[in-house]
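Remarks on the structure that follows.
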């Protein structure tokens with residue numbers, strides 16, 4: 003049967019591996035830069051899309067108004083040249099009305115030309131921003147997919163290690179395990195340090211008294227470094 007310190011050191015190795023997984027999991031990037039870039043690109047596209055829709059609506063209204071003016075001018079011209087109106091004053095009024103409608107049509111034509119040119123520019127902007135938003139979304143999707151896939155792998159590995167840790171700790175006395183966990187929590191995850199070069203603590207690198215090393219060689223289980231307080235184990239008994 004393995005010595006309890008050796009078992010405890012194996013638990014520590016498993017705990018360290020779990021810590022490494024947790025650290026990597028916490029550092030996973032689900033698109034921290036890509037998400038705001040996509041949000042901005044999407045917002046820009048929606049603004050361009052809304053502007054284009056507004057111009058299309060304005061063009062539609064202008065076309066309806068223009069058709070109304072054209073029809074009214076046509077009706078007035080028909081009346082003017084039909085020969086049915088003979089009153090000079092009424093003829094003058096009709097002539098002025100037709101001229102006014104012609105000027106109104108010309109203004110509508112000019113406005114329509116401006117609107118059409120505006121729409122062409124907006125269509126290009128809308129297409130460009132839509133493409134940019136799609137590209138940004140694709141970049142975000144890739145980043146999120148990569149992070150999720152890696153997260154699944156890390157979770158699976160953590161599950162295996164957790165089961166391994168449970169099996170390892172089952173053979174360790176509860177009080178010793180509790181003591182180890184308390185020390186580990188206060189010592190940066192390293193509760194059990196091997197003796198290096200036969201005379202120094204592997205945790206703080208401070209020289210150990212000969213009596214401390216001697217106690218370890220005699221098989222004492224709770225031998226601590228006087229400097230850092232970590233539990234000690236002979237290096238030859240552990241697998242790095």
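Residue numbers (the numbering used here): 3 to 242. Cβ coordinates follow ideal geometry from the N, Cα and C atoms, glycine included. Since the model is a prediction, treat every value here as computed from it, not as a measurement.
Under 8 angstroms, with one C-beta from each stretch per pair, do the segment 143 to 159 and the segment 92 to 101 reach the 3-pair mark? Between the segment 143 to 159 and the segment 92 to 101, the count of Cβ pairs shorter than 8 angstroms is below three; the stretches do not touch.
Residue 175 in three-state terms, based on DSSP: DSSP, reduced to helix, strand and coil, places residue 175 outside both helices and strands of the structure shown, so it counts as coil.
Applying the 10 Å Cβ sphere with the 16-neighbour rule, what's the burial state of residue 14? Burial call: buried.
Who does residue 235 pair with in a DSSP beta bridge? Under DSSP, residue 235 takes part in a beta bridge, and its partners are 196.
Which residues DSSP lists as bridging residue 226, in chain order: The partner list for residue 226 (beta bridge, DSSP) reads 233.
I'd like the list of long-range same chain contacts for residue 5, defined as Cβ closer than 6 angstroms, with 5 residues on each side in sequence excluded. Closer than 6 angstroms at Cβ, skipping near neighbours: no residue.
Measuring straight from C-alpha to C-alpha, what distance separates residue 106 and residue 53? When rounded, the distance between both Cα atoms is 26 angstroms.
Can we say the segment 42 to 49 touches the segment 189 to 205, given the rule of at least three CB pairs closer than 8 angstroms? Result no; under three Cβ-Cβ pairs closer than 8 angstroms.
Residues in its own chain within less than 7 angstroms of residue 79 by CB, not counting five upstream and five downstream? The residues are 100.
Residue from 138, 119, 104 and 146 whose Cα sits closest to the Cα of residue 57: Selected option, being the one with the closest Cα: 119.
Contacts around residue 123, its chain only, beta-carbon distance under 6 angstroms, and the 5 residues preceding and following it disregarded: Correct list: empty, nothing qualifies.
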